[in-house]
Structure formats: C-alpha cells, structure tokens
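Residue numbers (our numbering): 31 to 328. From the three backbone atoms N, C-alpha and C, an ideal C-beta is built for every residue, glycine too. These numbers were taken from a predicted model, which means no experiment stands behind them.
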C-alpha cells in the first residue's frame, strides 16, 4: 500500500510539471508572435516610402521670444529681443539721358505726349506715354511742365523751360473791339478782320525758341465723334505770339497751309516749317463755326 501511494505522488508531480511546461511554451510563443506581427506592420510600407509623420504639438513661437527676453543664461542681456539688422538696398544711380524737353500735351481721351529733342543729333520727335525714347528708356509720365523717364529702377525728370510767366486762361486772346482792325502789337499788325502782317524777325525768334513758345499756351488733341480732328488751344498767355495773331482760348486748330493737323507728329512738323514760310493760312473752329486767318510774314 505504501509503495502504491509513492507511485501516485510521482505521477501527479509529472502531470503538473508537464502542464506547466506547456503553459510556459504557449506564453513564449504568444510573445514571439506579437513581436513578429509588429515587425511585419512596420515593413509593410512601399519601398522608399517616407516614414509616417508623427503629429506633435509645437510650442508657440512667442514662448521662444519670452525665453530670449528673459535670457536665463546671461542676466546682463535681459530685455526685449532686438529686430534683425536688414541691409539697406544700394542707392540707384540716376539716369543721365542727353535730351531736352520741348513741349508737352495732355490729351483728353488720348495718351499724353511730349516733344523731346536729342541734344546730340538735334532731332525733335513726339513721344507718347509708354514709348521708348532712347536705349530702353521709357516715357513713364507726362505732367504740365515736366516728364518722367524711366529705365528699370532708374529715373530722370526733364523739366520744360519757363521764364516764370504764369499762364492766364481768362482774357488771353480776347477779341478786339469792332473796327480796331489796324491794331499794332509788337511787330504784329492786323490789317483786316482776319488778316495780319507779321514781322519776320519776331516770328523767327519765337520759332527758334520753341520750348519757351510752347509754354505760352496749352494744346491738346481734340476729338469729334471719337476721332481726332485737330488741336484745342487754351491757357494763352497775354502778350504771347498766340494772342497777338488773334487766337482765343478754346479755338480748335485743324489746318495750317491746307495740311490737316490731327496727330502730334504732324502738328510739330508743320509748326516747325512755319519759319520758312512767307504766307500762312490757318483754319480752325471757334464756337462751333469754321474760321480762317491769313498771315503775311515780311
């Protein structure tokens, strides 16, 4: 009987040890399986794919500023952080275009233009805003007595010569009293209601100094039914050549010696040819009526 009991206890111990070994083996297998599964998930990405971004909350940039202002590592430098030093751009050299402004015109419904003379070639041409004047230099802006030239960041202002006389819109070029057809005004003599005799020296002097002459009145393109039909003259200065030859503010000049003047280029070309003429016929519109003046130069 004692022998049998000993055999039973030995059998129970073997069973318990065997069961414990199986349980331990299962636990080890489970742990290994989980490690392999995690490894497979990581390697499951496409070849060359970037690792998945891990979202994290970044601190407020103001927090860094507060750390800098506190300057925990150097109390002598505590205070607001100084702004970064930005180097100023180098100064831009001004333009130095060898040209002279002869006259300007500010159109109503048309681009403003300027008459500019090349100091080297002495050639005078009409340019509109946006035109290239010389070597890439563009006419950027036209004002009453000056223009702005621009080449990239470089600029140059050309100013019209003036003698300081202010233009007067009212009273300039006012009609003379009836019967006053023989009035003499400094080398200009009115012999009939629409005829004048001009002193050649005075006309030549005025046309030779064209920049000054063009400051004595304003001319702008005039349009009728959306089409140019001449040039309107206004702001005529008293005692100017324009006033002496009978022109009035608001007159629209249309023809000179039978040549239509509808664009600035043609107007300037005809205007410059007058110094070689002995007789000039001027057709214009005044108060919606066509008029004609004749001038004899001698």
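**Study point:** Cutoff 6 Å; reference residue 224; Cβ partners in own chain excluding five residues on either side
**Key:** For residue 224, where only same-chain residues beyond five positions count, the Cβ hits under 6 Å are 323.
Exercise for review: Can you tell me which of 190, 301, 303, 129 puts its alpha carbon nearest to the alpha carbon of residue 147?
Suggested key: Taking the Cα of residue 147 as reference, the smallest distance to any Cα among 190, 301, 303, 129 is reached at 129.
**Study point:** Of the residues 240, 238, 283, the one placed nearest residue 258, counting alpha carbons only
**Key:** Ranking 240, 238, 283 by Cα distance to residue 258 puts 283 first.
**Study point:** Residue from 232, 219, 268, 281 whose Cα sits closest to the Cα of residue 249
**Key:** Minimum Cα-Cα distance from residue 249 among the listed residues 232, 219, 268, 281 corresponds to 281.
Review point. Where does residue 309 sit, in a helix, a strand or coil, going by DSSP?
Key: Residue state, collapsed to three classes: strand.
Practice item. Taking residue 266 and residue 247 to be in contact with their CB atoms under 8 Å, please state how far apart those CB atoms are, rounded to whole angstroms. Key: Correct: roughly 5 Å between the Cβ atoms.
Review point. For residue 153, which of 145, 251, 160 has the nearest alpha-carbon?
Key: Comparing Cα positions, the closest option is 145.
Review point. Would you call residue 245 buried or exposed, if buried means 16 or more other Cβ atoms sit within 10 Å of its Cβ?
Key: With 16 or more other Cβ atoms within 10 Å, it is buried.
**Study point:** Between the CA atoms of residue 304 and residue 127 - distance to the nearest angstrom
**Key:** Straight-line Cα distance between these residues: approximately 29 Å.
**Study point:** Reference residue 125; option with closest CA among 186, 168, 158
**Key:** For the options 186, 168, 158, the alpha carbon positioned closest to that of residue 125 is the one of 186.
Exercise for review: Following the continuous beta strand (DSSP E) through residue 274, name the residue where it begins and the one where it ends.
Suggested key: No beta strand (DSSP E) holds residue 274; the alpha helix (DSSP H) holding it covers 271 to 274.
Check your understanding: Is the distance from the Cβ of residue 230 to the Cβ of residue 327 below 8 Å?
Key -> Taking the C-beta atoms as reference points, residue 327 is found nearer than 8 Å to residue 230.
Check your understanding: Helix or strand or just coil, what does DSSP make of residue 252?
Key -> Note: residue 252 maps to strand in three-state DSSP.
Check your understanding: Sorted by chain position, which residues of the same chain lie with C-beta nearer than 8 Å to residue 164's C-beta, five sequence neighbours on each side aside?
Key -> The beta carbon of residue 164 is closer than 8 Å to those of 127, 129, 148 in its chain, skipping five residues each way along the sequence.
Exercise for review: Using three-state DSSP, classify residue 245 as helix, strand or coil.
Suggested key: The three-state reading of DSSP puts residue 245 in coil, since its state is none of H, G, I, E or B.
Check your understanding: Rounded to a whole number of angstroms, what is the C-alpha to C-alpha distance between residue 316 and residue 182?
Key -> If you take the alpha carbons of residue 316 and residue 182, they lie about 45 Å apart.
Check your understanding: Per DSSP, residue 185 is paired with what?
Key -> In the DSSP assignment, the residues bridged to residue 185 are 180.
Point to revise | Backbone CA spacing between residue 143 and residue 220 [nearest angstrom] | key: Taking the straight line joining both Cα atoms gives about 33 Å.
Practice item. Look at residue 241 and residue 190 and say whether their C-beta atoms are less than 8 Å apart. Key: Yes; because the gap between Cβ atoms is below 8 Å, this pair is in contact.
Review point. Are there 16 or more other CB atoms within 10 angstroms of the CB of residue 222, so buried, or fewer, so exposed?
Key: So residue 222 ends up on the exposed side.
Exercise for review: Count the other CB atoms, across all protein chains shown, that sit within 10 Å of the CB of residue 291; report buried if there are 16 or more and exposed otherwise.
Suggested key: Per the 10 Å Cβ criterion, buried.
Practice item. Pull up the distance between the alpha-carbon of residue 313 and that of residue 158, whole angstroms please. Key: Straight-line Cα distance between these residues: approximately 26 Å.
Practice item. Tell me residue 322's beta-bridge partners as DSSP assigns them. Key: Beta-bridge pairing links residue 322 to 313.
Check your understanding: Thinking C-beta only, is residue 226 closer than 8 Å to residue 218?
Key -> The answer is yes: Cβ separation under 8 Å.
Check your understanding: Could you give the residue range of the beta strand (DSSP E) that holds residue 155?
Key -> Annotation: the continuous beta strand (DSSP E) that includes residue 155 extends over 154 to 158.
**Study point:** Local Cβ density within 10 Å of residue 114, reported as buried at 16 or more and exposed below that
**Key:** Its Cβ having fewer than 16 others within 10 Å, residue 114 is exposed.
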